[in-house]
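Q: Below is a structure I'd like to ask you about.
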Amino acid sequence: MSAPETEQDPIGAAGNINARLLRFILLAVVITHLLLIASVWGQWKTIAIITGTFFLVVCLNLTLARPVFSEQTRLTETIRLMGNMLANLVYGHVTGWQLPMWLYLPLDAIWVDTRQERQGLYVLFGPFLVVGAVAILDGCPPLVPLVFIILSVIAHAISRVRMHLLHQVLSRLAYRHRELARAHEELAQAHERAREQDRLSSLGMLAAGVAHEINNPLAYVKSNVNSLYRDLREEKKLSPVLSEYVTEVLPATMEGIQRIATIVSDLRRFARGDPEPLAAYDLNDEIQAALRITHSRIEARCRVVLKLRPLPRMLGRPQQMAQVVVNLLINAAQATSDEGQISLSTRQEGEQVVLVVQDTGQGMTPEVKEKLFQPFFSTKPIGEGTGMGLAVVHGIVSAHGGRIEVESQPGKGSTFTIRLPLAAPAPRAPGV
């Protein structure tokens, strides 16, 4: 996705303004020079002098002048204006102070660093006064330099106001450009997260469908194995091999089938995501269900230690609480390197049930911890996390009238402590 093209880059806008202003000044200077030549036409020596001076001063200005929106040094600006003053003195003296030469003064007043304050104004208008004084001493009528000096002051004032407004517009444009770039980046991330959420939703539906398809033949196998086990037990005379099947093989097979059935049931219940009614549940049972769901993802990376104390039954939405534990386990496993450890413990404290999930992972900085439960916040690269796992946890715990606390230090792991009331209010759907 490319960045929107609704507004021009402020750097490019400033460059365009500078280029246009430079073209205007050069065109005006050339026209003024042609008018000056026309005023002394036939005086070839004078034309040669003013033309040579013209090229020298143009080269000086193009070398020393800076763009209007860049930082100018006072020294180079002073040298440039002094060079223009000397050129004006030459133009005036050799042409007899013809009217076109006075047009250079307002042009000098336009192309100048308008951010200069009093000292800059002295540098600008000092040469104008010198040119006017020399012209009067050289026989020029006083009204002519006076009029053009006043015209230069007006031109400079107008130019300064326009440049100030342009600076403000460009500043706002730069701010809006940064905001637009940031919004575009956030939009790109939101699109990526939406695709990830859609992918996870599709995987959830697929998992529920696969679990359903597994459940039917599994029920058939379970029924047949139970019938075989029952029939063999009723037989009084069995060979040693069949006796071993009755006492060892078939019970182990039935236990394995029951484990598969439990995993399929947990997977269907977790992946379905339908509105869940209030029900009495044991938090320890939901922890065991969450462990069965995440077994392959967690135990390949780290060791899980359980310290589950007997708990009273609670009223809530057990599927959501299983989701809380699943999200915390996955988060802990992702933060823990190989051979790390995740500890889960439960206990009752007065009228509360406490669940603690502790890992030996990389921990978090205070800045990350502050944003931990914000939706779409993730420290993982785009595509590797939705930033919704812990936000969902916070929403579910809050909906059950509980609270979640986090303790973490970089390099020392993290501890999530969830406190749920025994007599919880009617849980509302988590607002995440």
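Positions 1 to 432 (full-length UniProt numbering) are the ones given, in order, by the sequence shown.
Just so it is clear, CB atoms sit at the ideal spot from N, CA and C, and this is done for glycine as well.
Whole angstroms is fine: what's the gap from E255's alpha carbon to L306's?
A: Cα to Cα, the separation comes out at about 22 Å.
Q: Keeping to the same chain, check which residues put their C-beta closer than 7 Å to that of T76; ignore five residues upstream and five downstream.
A: Closer than 7 Å at Cβ, skipping near neighbours: L64.
Q: What does a CB cutoff of less than 8 Å around L250 pick up in its chain, not counting 5 residues either side in sequence?
A: Once the five neighbours on either side are set aside, the close Cβ partners of L250 are V225, L228, Y229, L232.
Q: Please specify which runs of the alpha helix (DSSP H), each continuous and at least 4 residues long, are wholly inside the segment 303-343, giving them in chain order.
A: Segments of the alpha helix (DSSP H) lying fully in the segment 303-343: 318-335.
Q: Is it true that the CB of L36 sits closer than 8 Å to the CB of I50?
A: Going by C-beta atoms, I50 is nearer than 8 Å to L36.
Q: CA-CA distance, I418 and V397?
A: Roughly 8 Å between the two C-alpha positions.
Q: Within 10 angstroms of its Cβ, does A19 collect 16 or more other Cβ (buried), or is it exposed?
A: The residue in question, A19, is exposed, as its Cβ has fewer than 16 Cβ neighbours within 10 Å.
Q: Could you compute how far the alpha carbon of K222 sits from the alpha carbon of E213?
A: Answer to the nearest angstrom: the Cα atoms are 15 Å apart.
Q: Taking A279 as the reference, give the member of Q258, R292, I298, R317 with the closest Cα.
A: Minimum Cα distance to A279 is reached at R317.
Q: Output the boundary residues of the beta strand (DSSP E) element that contains R419.
A: That run of the beta strand (DSSP E) goes 414-421.
Q: Rounded to a whole number of angstroms, what is the C-alpha to C-alpha distance between R347 and V356?
A: If I take the Cα positions, the gap works out to 9 Å.
Q: Please state whether DSSP places R160 in a helix, a strand or coil.
A: Looking at R160 - three-state DSSP - the assignment turns out to be helix.
Q: Kindly indicate the opening and closing residues of the alpha helix (DSSP H) around R292.
A: 283-298 is the extent of the alpha helix (DSSP H) around R292.
Q: So what's S239 in DSSP terms, helix, strand or just coil?
A: The answer is coil: DSSP assigns S239 none of H, G, I, E or B.
Q: Just tell me which of L86, L329, L62 has its CA closest to the CA of V130.
A: It is L86.
Q: Out of P127, P310, S343, which one is the CA nearest neighbour of E349?
A: The candidate whose alpha carbon is nearest that of E349 is P310.
Q: Quick one: grab the DSSP three-state call for R233.
A: Note: R233 maps to helix in three-state DSSP.
Q: Identify the residues that DSSP records as bridge partners of Q409: which are they?
A: Partner(s): none; Q409 has no beta bridge.
Q: In the structure shown, what three-state DSSP assignment does V68 receive?
A: Here V68 scores only 48 on pLDDT, less than 50, and its place in the model is too uncertain to base an answer on.
Q: Whole angstroms are fine: how far does the CA of P127 sit from the CA of C59?
A: For C59 and P127, the distance between alpha carbons rounds to 19 Å.
Q: Give me the Cβ distance between V325 and I287, rounded to the nearest whole Å; I'm assuming they're in contact under 8 Å.
A: Indeed, because the Cβ distance is near 5 Å, the residues count as touching under 8 Å.
Q: Cα separation between A252 and V353?
A: Those two C-alpha atoms are separated by around 35 Å.
Q: Give the straight-line distance between the Cα atoms of G83 and L89, rounded to the nearest whole angstrom.
A: Spanning the two alpha carbons is a distance of roughly 10 Å.
Q: Which one of V94, A28, F55 has the shortest CA to CA distance from W41?
A: With distances taken between Cα atoms, W41 lies closest to V94.
Q: In three-state terms, what does DSSP make of T78?
A: DSSP places T78 in helix when its eight states are reduced to three.
Q: Where does T365 fall in DSSP's three states?
A: Residue state, collapsed to three classes: coil.
Q: For V210 and H177, I'd like the C-alpha separation in whole angstroms.
A: Spanning the two alpha carbons is a distance of roughly 49 Å.
Q: For L372, count neighbouring Cβ atoms within 10 angstroms of its own Cβ and tell me buried if that reaches 16, exposed if not.
A: Per the 10 Å Cβ criterion, buried.
Q: Please list the terminal residues of the continuous beta strand (DSSP E) segment that includes D359.
A: 352-359 is the span of the beta strand (DSSP E), which, as asked, contains D359.
Q: Find out if the Cβ-Cβ distance for the pair L390, G402 is shorter than 8 Å.
A: Taking 8 Å as the Cβ cut-off, L390 and G402 do not qualify as a contacting pair.
Q: I'd like to confirm the pairing. Which residues does DSSP put opposite E349 in its beta bridges?
A: E349 pairs with Q352.
Q: What did DSSP end up calling R178 once you bin it into helix, strand or coil?
A: Note: R178 maps to helix in three-state DSSP.
Q: Considering only their Cβ atoms, is the gap separating S343 from K369 smaller than 8 Å?
A: Contact: no.
Q: How many angstroms separate the CA atom of L283 from the CA atom of V304?
A: Distance between the alpha carbons of L283 and V304: 17 Å.
Q: Going by DSSP in three states, R301 sits in which element: helix, strand or coil?
A: Correct three-state label for R301: coil.
Q: When you compare only the Cα positions, how much space is there between T336 and H394?
A: For T336 and H394, the distance between alpha carbons rounds to 21 Å.
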